[in-house]
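S.K.: Take this structure first; my questions come after.
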Amino acid sequence: MRRRLITELGEKGIVQDEVLKAFDAIPRHFFLDLAFEQQAYSNMAFQIGAGQTISHPYTVAFQTQLLGLKKGMKVLEIGTGSGFQTCILCQMGVKVVSIERQRELFLKAKQIIHHFNFNPRLIFGDGYKGNESFAPYDRILITCGAPFVPDALLDQLKPGGVLVVPIGSLEKQEMYRITKGEDGSLTEETFGDFSFVPMLENVNK
Ligand code: SAH
441 MRRRLITELG
451 EKGIVQDEVL
461 KAFDAIPRHF
471 FLDLAFEQQA
481 YSNMAFQIGA
491 GQTISHPYTV
501 AFQTQLLGLK
511 KGMKVLEIGT
521 GSGFQTCILC
531 QMGVKVVSIE
541 RQRELFLKAK
551 QIIHHFNFNP
561 RLIFGDGYKG
571 NESFAPYDRI
581 LITCGAPFVP
591 DALLDQLKPG
601 GVLVVPIGSL
611 EKQEMYRITK
621 GEDGSLTEET
631 FGDFSFVPML
641 ENVNK
């Protein structure tokens with residue numbers, strides 16, 4: 441089933457071999473409730489608790505491809521969620537810092553990520569603030585729908601760095617790739633509509 445999903449991702453335009461290899465290496469069914477196990481390799485989103493979802497595999501692959509990763513880069517992820525995307529990044533040989541605001545998901549993701557023997561920095565906190573102590577980042581990936589790009593994250597992006605973020609309303613967001621020039625200037629590109637759970641403010645648990 442995983443092989444079939446990888447073929448499907450290829451047909452939909454995921455061409456980076458490293459991304460497809462990471463999807464081959466990380467078993468997505470580990471990240472889902474037993475009830476959804478049979479459908480883990482269909483291109484679907486699922487509930488992961490606390491009203492949140494694990495993104496469609498295509499969406500994870502698409503965002504990952506947009507980042508244009510090279511081994512050894514430092515990547516900040518906002519929205520650890522199930523930890524699936526975090527593991528895909530780790531598998532691709534980058535150093536990951538990931539922030540989650542829901543304690544229940546943060547604790548669950550931590551367990552499963554360590555099960556795979558990956559060792560990213562997992563932070564319970566507010567993604568709007570990023571994380572200054574590990575900045576600057578080569579890449580920043582926001583995996584929830586943001587109303588705007590938080591200034592703190594742009595500040596924490598290295599010159600020459602890339603930030604991928606879905607921006608829009610609660611219902612629908614457009615995928616943006618923002619590249620920071622060596623002089624600090626920002627260039628935006630857009631890549632179509634997606635639908636993410638919202639990026640929320642304030643840690644409330
Ligand atoms: N990358 C995840 C996607 C999970 S959905 C995966 O592969 O499963 C998006 C996640 O972003 C949710 O878990 C949600 O709780 C989290 N989130 C929303 N607003 C946030 C914020 N301000 N800071 C950190 N995480 C946030």
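Just so we're aligned: the sequence shown equals residues 441 to 645 in my numbering. Glycine included, C-beta positions come from ideal geometry on N, C-alpha and C. Please read these numbers as outputs of a predicted model, since none were measured by experiment.
1) Can you list, in chain order, the stretches of the alpha helix (DSSP H) that have 4 or more residues and sit fully within the stretch 462-494?
2) Does the beta-carbon of residue 540, which I'm using as the reference point, lie nearer than 7 Å to any heavy atom of the ligand SAH?
3) Thinking just about the alpha-carbon of each residue, which of 640, 641, 512 and 608 is nearest to the one in residue 633?
4) By the three-class DSSP mapping on this structure, what secondary structure does residue 522 have?
5) At which residues does the beta strand (DSSP E) containing residue 620 begin and terminate?
6) Helix, strand or coil: how does DSSP classify residue 645 here?
7) Take every Cβ of the stretch 566-581, pair it with every Cβ of the stretch 545-553, and state whether three or more of those distances are shorter than 8 Å.
8) Helix, strand or coil for residue 509 per DSSP?
9) Taking the DSSP output, what are the residues bridged to residue 597?
M.R.: In short:
1) Those alpha helix (DSSP H) runs which fall completely within the stretch 462-494 and span 4+ residues do not exist here.
2) Looking up residue 540 in the sequence shown gives position 100. It does: the Cβ of residue 540 is within 7 Å (strictly closer) of some heavy atom of the ligand SAH.
3) As a working mapping, residue 633 is identified with position 193 in the sequence shown. Distances from the alpha-carbon of residue 633 to those of 640, 641, 512 and 608 put 608 closest.
4) By one-based count along the sequence shown, residue 522 stands at place 82. In the three-state reduction of the DSSP assignment, residue 522 falls in the coil class.
5) Taking the first residue of the sequence shown as position 1, residue 620 is located at position 180. Looking at the DSSP string, the run of the beta strand (DSSP E) that includes residue 620 is 613-620.
6) Locating residue 645 in the sequence shown gives position 205, counting from the first residue. Its pLDDT being 41, under 50, residue 645 is placed unreliably by the model, and the measurement read from it follows with that caveat. The answer is coil: DSSP assigns residue 645 none of H, G, I, E or B.
7) The answer is no - the stretch 545-553 does not touch the stretch 566-581, with fewer than three Cβ pairs under 8 Å.
8) Within the sequence shown, the letter at position 69 stands for residue 509. Looking at residue 509 - three-state DSSP - the assignment turns out to be coil, as it is neither helix nor strand.
9) For the purposes of this step, residue 597 is taken as residue 157 along the sequence shown, with counting starting at 1. BP columns for residue 597 point to 577.
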